[in-house]
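Counted from 1, the sequence shown has number 76 at position 62 by our numbering; the numbering is strictly sequential. Reading through the structure tokens given below for one structure.
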Amino acid sequence: MRLMRSIRAIVSGIAFVSLFGGSVEAEWLIYPRGLVRADSTDTLVMVEVYTDWCAYCKKLDRRVLSRDDVKAVLKQHYTTVKLDAENDTPMARIGDETLNSRKLARKYGVTTIPTCLILAPNGKLLKKLVGYHPPEDFLAFLRSPLASQTH
Numbered sequence: 015m016r017l018m019r020s021i022r023a024i025v026s027g028i029a030f031v032s033l034f035g036g037s038v039e040a041e042w043l044i045y046p047r048g049l050v051r052a053d054s055t056d057t058l059v060m061v062e063v064y065t066d067w068c069a070y071c072k073k074l075d076r077r078v079l080s081r082d083d084v085k086a087v088l089k090q091h092y093t094t095v096k097l098d099a100e101n102d103t104p105m106a107r108i109g110d111e112t113l114n115s116r117k118l119a120r121k122y123g124v125t126t127i128p129t130c131l132i133l134a135p136n137g138k139l140l141k142k143l144v145g146y147h148p149p150e151d152f153l154a155f156l157r158s159p160l161a162s163q164t165h
């Protein structure tokens, strides 16, 4: 009898961890898809502007964006977008203008990388964080616009 209870407890624990305790990963989208997703899910957009050669961008990914507490806030409240500041590949057309990552970075006034942007679903810039910041500062950056939102 005691063995059966132990087995049930183990199986229940495994099922719980499988359902609720797994890795919380943000899905990184391109800019136009990110805005569409944010609009349909009623979330803000967090954009990481980076380049492949940027050491601080890699540090941001490794030491901040990979943390479970940061990933949880991103997954719950944001649609996440990565924007390579040097990429000229067309990603969308708006009227007569063809958008690419380089133009978008310029549009949002990005002159230093990494830069993280918080946007409304319509693309309006709400907040900007320039450079690498430790996890606590990054979490404060993510949480500050949430306090004024009414969901």
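The beta carbon of each residue, even a glycine, is placed where N, CA and C say it ideally should be.
Boundaries of the alpha helix (DSSP H) harbouring residue 49: 45-55, taken from the DSSP string.
Here the region 92-104 lies against the region 45-54, with 3 or more beta-carbon pairs under 8 Å apart. Here residue 39 carries a coil assignment [DSSP, helix/strand/coil].
DSSP places residue 150 inside the alpha helix (DSSP H), whose first and last residues are 149-161. Between the alpha carbons of residue 105 and residue 137 lies a distance of about 15 Å. Cβ contact annotation for residue 78 (same chain, cutoff 7 Å, sequence separation greater than five): 84, 149 and 152, in chain order.
Inside the region 93-137, DSSP marks whole alpha helix (DSSP H) runs of 4 or more residues at positions 115-121, from first to last along the chain.
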